[in-house]
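Undergrad: Just so we're on the same page, the working numbering is the position in the sequence shown counted from 1, plus 125.
Right, I'll just put the structure down here and ask away after.
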Amino acid sequence: MSRFWSDVTQGLTPYIPGEQPKLANLVKLNTNENPYPPSPRVIDALRATADDRLRLYPDPTSQQLREAIGTFHGLSIDQIFVGNGSDEVLAHAFLGLLKHDLPILFPDISYSFYPVYCGLYQIAWREMPLAADFSIHVDDYLDVPNGGIIFPNPNAPTGIALPVTEVERLVAGNPNVVVVVDEAYVDFCGETALPLIDRYPNLLVVRTLSKAHSLAGLRVGYALGHPDLIEGLNRVKDSFNSYPLDRFAQVGATACMQDRPYFEQCRDRVIASRERLSAGLRGLGFEVLPSGANFVFARHSAHAGADLAAALRSRSIIVRHFKQPARIDPFLRITVGTDAECDALLAALTGICG
Ligand code: PMP
Numbered sequence: 126m127s128r129f130w131s132d133v134t135q136g137l138t139p140y141i142p143g144e145q146p147k148l149a150n151l152v153k154l155n156t157n158e159n160p161y162p163p164s165p166r167v168i169d170a171l172r173a174t175a176d177d178r179l180r181l182y183p184d185p186t187s188q189q190l191r192e193a194i195g196t197f198h199g200l201s202i203d204q205i206f207v208g209n210g211s212d213e214v215l216a217h218a219f220l221g222l223l224k225h226d227l228p229i230l231f232p233d234i235s236y237s238f239y240p241v242y243c244g245l246y247q248i249a250w251r252e253m254p255l256a257a258d259f260s261i262h263v264d265d266y267l268d269v270p271n272g273g274i275i276f277p278n279p280n281a282p283t284g285i286a287l288p289v290t291e292v293e294r295l296v297a298g299n300p301n302v303v304v305v306v307d308e309a310y311v312d313f314c315g316e317t318a319l320p321l322i323d324r325y326p327n328l329l330v331v332r333t334l335s336k337a338h339s340l341a342g343l344r345v346g347y348a349l350g351h352p353d354l355i356e357g358l359n360r361v362k363d364s365f366n367s368y369p370l371d372r373f374a375q376v377g378a379t380a381c382m383q384d385r386p387y388f389e390q391c392r393d394r395v396i397a398s399r400e401r402l403s404a405g406l407r408g409l410g411f412e413v414l415p416s417g418a419n420f421v422f423a424r425h426s427a428h429a430g431a432d433l434a435a436a437l438r439s440r441s442i443i444v445r446h447f448k449q450p451a452r453i454d455p456f457l458r459i460t461v462g463t464d465a466e467c468d469a470l471l472a473a474l475t476g477i478c479g
């Protein structure tokens, strides 16, 4: 606390990112990164960018990257907004599209950054409880006065995907506010709301290159929606930072979006490992929620989540444990690693639960 802090700063409860420990030989299954490297075309493009042009500012509109994203999804570039990680895209959506007089709605168990943005931008919010099976109950979001709605699909940290038909029901039932679907993990299940954006001008879909595209270190995310929503995001961006994506990020992300076969190959490997890991965990007595993501959310009937996380850590394996809300305290969120990493985890858990 400092007397120099503004009232807003004093009132903040900042987001706590997962750890990035500097330890050797760690099995790191705590922040949902991809275990496979980025496309070799990304690395080549980055190398070719390390030259004199760095004295110049990058393209403030990221035109080439937006064109590549447009080609990837079959959309026009006025439907695409890019930002420094999807966290930045989400932040702009909170300020530019979700901040109104009425509270916004999001699930009580979801991405813990949402209430942080509400605190930063002074947006009222209301948390909607997940159903007993941890799924999003769409009826709860219909006929509730609200300033907007946001939720991850698949949800985080549960990993459970809401069927697109249900997403459509929610979007159609709230035509006067913006519904943001945070699809950070959607590549691992395919339940995307993208086909709806041409029909629903109130739908914004947010994506990231940090998960299925193996580029968490480059910090690139994007939003897809009606050109009016995209223009709103650009107004916020150009009132905040004209150059959120540096030259490397733009060039690397463009090369990434142009290598679809590599992306599909890595994604399929992660999905196969997820199924293998889930089966292994069930064999050890875990309940594993059905995951459409690159992580699983699992609890053991006889061992507390915090104890398991600590025991794994002492064996140089880190996973994520959330103390709050209390309902998820028994769970571990485990990123799907390579098969070798998943085997190391299962072997350690066999010893711990054994
Ligand atoms: N949305 C969800 C649901 C996430 O879990 C994350 C990763 N922490 C993000 C958005 C942000 O990802 P990034 O900023 O790396 O694009």
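Glycine included, every Cβ here is placed at the ideal spot set by N, Cα and C.
Bear in mind the structure is a predicted one, so any value in this text is a computation, not a measurement.
Would you say the beta carbon of residue 283 is closer than 7 Å to some non-hydrogen atom of the ligand PMP?
TA: Checking every heavy atom of the ligand PMP against the Cβ of residue 283, none is found closer than 7 Å.
Undergrad: I need the straight-line Cα distance from residue 178 to residue 371, nearest angstrom please.
TA: Rounded to the nearest angstrom, the two C-alpha atoms are 12 Å apart.
Undergrad: Identify, in the order they occur along the chain, each residue of the same chain with its Cβ nearer than 6 Å to the Cβ of residue 282, setting aside the five sequence neighbours on each side.
TA: Closer than 6 Å at the Cβ level, and outside the excluded window around residue 282, lie 422 and 458.
Undergrad: Less than 8 Å between C-beta atoms, sequence neighbours within five positions excluded: which residues of the same chain meet that for residue 320?
TA: Once the five neighbours on either side are set aside, the close Cβ partners of residue 320 are 289.
Undergrad: Could you give the DSSP three-state label for residue 460: helix, strand or coil?
TA: Residue state, collapsed to three classes: strand.
Undergrad: State yes or no: is the C-beta of residue 377 nearer than 7 Å to some heavy atom of the ligand PMP?
TA: No; taking the cut-off as 7 Å, the Cβ of residue 377 has no heavy atom of the ligand PMP nearer than that.
Undergrad: With a threshold of 6 Å on Cβ separation, who are the neighbours of residue 225 within its own chain once the five nearest residues in sequence on each side are excluded?
TA: Cβ neighbours of residue 225 beyond the five flanking positions: 272.
Undergrad: Got a sec, what are the start and stop residues for the beta strand (DSSP E) residue 273 sits in?
TA: Here the beta strand (DSSP E) through residue 273 covers 273-277.
Undergrad: For residue 155 and residue 462, I'd like the C-alpha separation in whole angstroms.
TA: Approximately 10 Å between the Cα atoms of the pair.
Undergrad: When DSSP labels each residue in this structure, what does residue 331 get in the three-state scheme?
TA: Correct three-state label for residue 331: strand.
Undergrad: So what's residue 236 in DSSP terms, helix, strand or just coil?
TA: Residue 236 falls in the coil class under three-state DSSP.
Undergrad: Could you check if residue 236 belongs to the surroundings of the ligand PMP, using beta carbon to heavy atom distance under 7 Å?
TA: It does: the Cβ of residue 236 is within 7 Å (strictly closer) of some heavy atom of the ligand PMP.
Undergrad: Give a yes or no on whether the C-beta atoms belonging to residue 261 and residue 287 are separated by under 8 Å.
TA: Cβ atoms of residue 261 and residue 287: closer than 8 Å.
Undergrad: State buried or exposed for residue 158, treating a residue as buried only when at least 16 other CB atoms are found within 10 Å of its CB.
TA: Residue 158 is buried by the Cβ-count criterion.
Undergrad: Do residue 471 and residue 410 have their CB atoms nearer than 8 Å?
TA: No, Cβ-Cβ distance for residue 471 and residue 410 is not below 8 Å.
Undergrad: Do residue 305 and residue 267 have their CB atoms nearer than 8 Å?
TA: No.
Undergrad: Quick one: residues in its chain with C-beta nearer than 7 Å to the C-beta of residue 151, no 5 flanking neighbours on either side, listed in chain order?
TA: The residues are 441 and 443.
Undergrad: Using the three-state DSSP reduction, which class does residue 224 fall into: helix, strand or coil?
TA: Of the three classes helix, strand and coil, the one that applies to residue 224 here is coil, per DSSP.
Undergrad: Is residue 221 closer than 8 Å to residue 360 when the C-beta atoms are compared?
TA: Their beta carbons are under 8 Å apart, which means residue 360 touches residue 221 by this criterion.
Undergrad: Check each candidate in 270, 234 and 244 and name the one with the smallest Cα separation from residue 137.
TA: Taking only the C-alpha atoms, the option nearest residue 137 is 244.
Undergrad: So, for residue 184: in the same chain, excluding its five sequence neighbours on each side, which residues have a beta-carbon less than 8 Å away from its beta-carbon?
TA: The residues are 375.
Undergrad: In the structure shown, what three-state DSSP assignment does residue 219 receive?
TA: If DSSP states are grouped into helix, strand and coil, residue 219 belongs with the helices.
Undergrad: Between residue 315 and residue 332, which are expected to be in contact by the criterion C-beta below 8 Å, what is the C-beta distance as a whole number of angstroms?
TA: Not really, about 13 Å apart at Cβ, beyond 8 Å.
Undergrad: Compare the Cα-Cα distances from residue 274 to each of 250, 257, 254 and 284 and report the closest residue.
TA: Nearest C-alpha to residue 274: 250.
Undergrad: From 229, 133 and 324, pick the residue whose C-alpha is nearest to that of residue 252; which is it?
TA: Looking at the Cα atoms, 229 is the closest of the given residues.
Undergrad: Figure out for me which residue from 357, 130, 203 and 162 has the closest Cα to the Cα of residue 343.
TA: It is 162 whose Cα lies nearest to the Cα of residue 343.
Undergrad: My understanding is that residue 206 touches residue 358, with C-beta atoms under 8 Å, so please give their C-beta distance in whole angstroms.
TA: With 8 Å as the limit, residue 206 and residue 358 qualify as a contact, their Cβ atoms being about 4 Å apart.
Undergrad: Excluding the five sequence neighbours on either side, which residues of its own chain have a C-beta within less than 6 Å of the C-beta of residue 373, listed in chain order?
TA: Closer than 6 Å at the Cβ level, and outside the excluded window around residue 373, lie 171 and 174.
Undergrad: Could you tell me the distance, in whole angstroms, from the CA atom of residue 364 to the CA atom of residue 186?
TA: So the alpha carbons of these two residues sit roughly 14 Å apart.
Undergrad: For residue 249, report the span of its alpha helix (DSSP H) as first-last.
TA: Here residue 249 belongs to no alpha helix (DSSP H), and DSSP marks it neither H nor E.
Undergrad: Using CA coordinates, which residue listed in 477, 236 and 415 is at the minimum distance from residue 427?
TA: Nearest of 477, 236 and 415 to residue 427, Cα basis: 477.
Undergrad: In whole angstroms, what separates the C-alpha of residue 132 from that of residue 233?
TA: Residue 132 and residue 233: Cα-Cα distance of roughly 26 Å.
Undergrad: Compute the minimum distance between the beta carbon of residue 430 and the heavy atoms of the ligand PMP, and state whether it is under 7 Å.
TA: Incorrect: residue 430 has no Cβ contact closer than 7 Å to the ligand PMP.
Undergrad: Classify residue 349 as helix, strand or coil using the three-state DSSP reduction.
TA: Correct three-state label for residue 349: strand.
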